[in-house]
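A.B. asks: Have a look at this one.
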Amino acid sequence: MGLKRVGLNILQKIRKGVNTNALTPATNTVFRTERQAAGDTFKAISKITFEDLYNVIKLNNGRIRIIPKMSEFNGRNLIPFEMPEYLYHITSETNMNLIRSSNTLKVSPNEQLPGVYLLDKENFLTRYLCVGDKKRNLCKSILTHANDTNKDSSNLAVIRIPVESLLRNGKLRIRTQEDFFYYQDLVYRLQKGLNKKFSLRMLYNDNYRAQFEKYILDNGLMTKQELEQLMQEMKQKIHYGYKCSQLTQLEKHNAVEYIFNHDISPDTIKGIKCKRFSIDECMDSKTGTINIEALKRILG
Numbered sequence: 018m019g020l021k022r023v024g025l026n027i028l029q030k031i032r033k034g035v036n037t038n039a040l041t042p043a044t045n046t047v048f049r050t051e052r053q054a055a056g057d058t059f060k061a062i063s064k065i066t067f068e069d070l071y072n073v074i075k076l077n078n079g080r081i082r083i084i085p086k087m088s089e090f091n092g093r094n095l096i097p098f099e100m101p102e103y104l105y106h107i108t109s110e111t112n113m114n115l116i117r118s119s120n121t122l123k124v125s126p127n128e129q130l131p132g133v134y135l136l137d138k139e140n141f142l143t144r145y146l147c148v149g150d151k152k153r154n155l156c157k158s159i160l161t162h163a164n165d166t167n168k169d170s171s172n173l174a175v176i177r178i179p180v181e182s183l184l185r186n187g188k189l190r191i192r193t194q195e196d197f198f199y200y201q202d203l204v205y206r207l208q209k210g211l212n213k214k215f216s217l218r219m220l221y222n223d224n225y226r227a228q229f230e231k232y233i234l235d236n237g238l239m240t241k242q243e244l245e246q247l248m249q250e251m252k253q254k255i256h257y258g259y260k261c262s263q264l265t266q267l268e269k270h271n272a273v274e275y276i277f278n279h280d281i282s283p284d285t286i287k288g289i290k291c292k293r294f295s296i297d298e299c300m301d302s303k304t305g306t307i308n309i310e311a312l313k314r315i316l317g
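The sequence shown runs contiguously to residue 317 in our numbering.
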């Protein structure tokens with residue numbers, strides 16, 4: 018990806034019997050300081066809209082091109098980039114009924130990067146079939162997980178959302194599944210043979226993260242410097258994610274997920290469409306084999 022990971026090097030250099038006297042959680046100050054700075058910046062430019070900065074052109078290949086109206090804004094360079102024309106959210110029929118009743122697809126709050134999680138059709142049908150060193154079939158996992166929340170039904174629903182409307186009404190970040198599972202596995206390996214088990218998904222919480230850092234240091238699994246480096250790396254790739262302008266370098270070799278920072282409602286996000294389908298239409302219930310052509314027709 019051209020984006021260096023240092024976590025593995027840190028794991029290989031784990032030291033035993035580190036002196037932890039006077040050590041404190043490594044990253045609380047870093048997290049809070051950057052959040053405050055980001056908040057101050059946002060207040061200063063909050064009146065600037067997406068339309069003020071960009072034009073959007075629809076291409077003929079199911080994608081859109083976002084072209085900046087200026088070369089620089091607020092000290093950062095603006096560059097043109099491409100994105101899918103639509104993003105998708107797959108859920109159970111049970112959850113879809115709840116979404117209809119509230120007229121809202123709600124943010125998932127208990128995540129390192131809170132938001133509504135979305136997929137690109139082409140990337141989902143290719144890169145999600147074999148992810149990471151363990152070759153996880155996340156296409157199967159997502160369909161199965163959605164169906165697990167059903168009550169007396171095997172029907173799922175797919176929600177199609179125009180990306181241009183999302184960009185005009187909030188912020189999109191991107192992450193890779195490869196990054197997520199790499200750091201999840203790393204966190205688990207650090208705790209191998211120990212009683213306490215921490216989850217990567219919960220490290221967004223300040224108190225939980227402080228407990229994790231203390232546990233790592235108290236057990237001599239890392240030095241303070243190594244832990245600071247690891248937490249900063251995870252913060253960037255998992256807690257914060259990548260900019261949409263970095264999509265091109267990521268989507269070629271990675272399973273990409275998109276996170277929208279607000280609830281999604283047809284009152285503000287225009288052009289939303291929904292379709293119901295049975296999981297049996299695209300996945301063999303006995304073998305778990307995905308029928309890619311059938312799923313491609315369903316997503317449309």
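No residue lacks a Cβ here, since even glycine has one placed at the ideal position from N, Cα and C. Fair warning: this is a prediction, and the values are worked out from it, not measured in the lab.
(1) For the beta strand (DSSP E) that contains Ser5, what are its first and last residues?
(2) Just the C-alpha distance for Val148 and Phe141, rounded to the nearest angstrom, thanks.
(3) How would you write the range of the alpha helix (DSSP H) that Ser262 sits in, first residue to last?
(4) Could you tell me if Ser119 is buried or exposed, where buried requires 16 or more neighbouring beta carbons within 10 angstroms of its beta carbon?
(5) So, is Arg144 buried or exposed, given that buried needs 16 or more other C-beta atoms within 10 angstroms?
(6) To which residues does DSSP link Phe198 through a beta bridge?
(7) Indicate whether the contact test is met: 3 or more Cβ pairs, each with one atom in the region 217 to 237 and one in the region 153 to 164, closer than 8 Å.
(8) I'd like the list of long-range same chain contacts for Val35, defined as Cβ closer than 6 Å, with 5 residues on each side in sequence excluded.
(9) So, at 8 Å on beta carbons, what are the nonlocal neighbours of Gly187 in its own chain, with the 5 sequence-adjacent residues on each side left out?
(10) Can you name the start and end residues of the alpha helix (DSSP H) that Glu243 belongs to?
(11) Could you round the C-beta distance between Ile81 and Val180 to whole angstroms and report it? I think they count as a contact, below 8 Å.
(12) Using a threshold of 8 Å, state whether the C-beta atoms of Glu102 and Gly79 are closer than that.
(13) I need the DSSP call for Asp57, collapsed to helix, strand or coil.
(14) Please report how far the alpha carbon of Gly92 lies from the alpha carbon of Lys214, in whole angstroms.
(15) Assuming contact is defined by CB atoms lying nearer than 8 Å, are Ile286 and Glu298 in contact in what I supplied?
(16) Closest to Glu245 by C-alpha separation, out of Leu183, Glu230, Tyr200, would be which residue?
(17) In terms of residues, what are the limits of the alpha helix (DSSP H) holding Glu181?
(18) Which term fits Thr193, buried or exposed, when burial requires 16 or more other beta carbons within 10 angstroms of its beta carbon?
C.D. replies: Taking the definition as stated:
(1) Any question about residue 5 goes unanswered here, given that the chain covers just 18 to 317.
(2) Taking the sequence shown and counting its residues from 1, one reaches residue 148 at position 131. Taking the sequence shown and counting its residues from 1, one reaches residue 141 at position 124. If you take the alpha carbons of Val148 and Phe141, they lie about 11 Å apart.
(3) Locating residue 262 in the sequence shown gives position 245, where the first residue counts as 1. No alpha helix (DSSP H) holds Ser262; DSSP gives it neither H nor E.
(4) Here residue 119 corresponds to residue number 102 of the sequence shown, with the count starting at 1. That one is exposed.
(5) As a first step, residue 144 must be located in the sequence shown, where it is residue number 127. Buried, since its Cβ has 16 or more Cβ neighbours within 10 Å.
(6) Counted from its first residue, the sequence shown places residue 198 at position 181. Looking at the DSSP assignment, Phe198 forms no beta bridge with any residue, so it has no partner.
(7) For the pair of segments examined, the region 217 to 237 was found not to touch the region 153 to 164: the number of CB pairs separated by less than 8 Å stays below three.
(8) For this step, residue 35 is matched to residue 18 along the sequence shown. Reliability fails at Val35, whose pLDDT of 35 lies under 50, so the model's placement of it is uncertain and the value that follows must be treated cautiously. Counting only Cβ-Cβ distances below 6 Å, and skipping sequence neighbours, we find Gly237, Thr240.
(9) Here residue 187 refers to the residue found at position 170 of the sequence shown. Within its own chain, the residues whose Cβ lies closer than 8 Å to the Cβ of Gly187, once the five positions on either side in sequence are excluded, are Phe277, Asn278, His279, listed in chain order.
(10) Residue numbering aside, residue 243 sits at position 226 when the sequence shown is read from its first letter. It spans 241 to 251 - the alpha helix (DSSP H) in which Glu243 sits, taken as one unbroken run.
(11) Your numbering for residue 81 matches position 64 in the sequence shown. Your numbering for residue 180 matches position 163 in the sequence shown. The Cβ separation is near 6 Å, so the contact holds.
(12) Within the sequence shown, the letter at position 85 stands for residue 102. Within the sequence shown, the letter at position 62 stands for residue 79. In terms of Cβ geometry, Glu102 and Gly79 form a close pair [threshold 8 Å].
(13) In the sequence shown, counting from the first residue as 1, residue 57 sits at position 40. Note that Asp57 has pLDDT 48, beneath the 50 cutoff, so the model's placement of it is unreliable and the number below is only indicative. In this structure, Asp57 counts as helix in the three-state DSSP scheme.
(14) As a first step, residue 92 is located in the sequence shown; it is residue number 75 there, counting from the start. As a first step, residue 214 is located in the sequence shown; it is residue number 197 there, counting from the start. Cα to Cα, the separation comes out at about 42 Å.
(15) To locate residue 286, count along the sequence shown from 1; it is residue 269. To locate residue 298, count along the sequence shown from 1; it is residue 281. Taking 8 Å as the cut-off, the Cβ atoms of Ile286 and Glu298 do not count as close.
(16) Taking the sequence shown and counting its residues from 1, the one referred to as residue 245 is at position 228. Selected option, being the one with the closest Cα: Glu230.
(17) To locate residue 181, count along the sequence shown from 1; it is residue 164. Here the alpha helix (DSSP H) through Glu181 covers 180 to 186.
(18) Here residue 193 refers to the residue found at position 176 when the sequence shown is read from its first residue. Buried.
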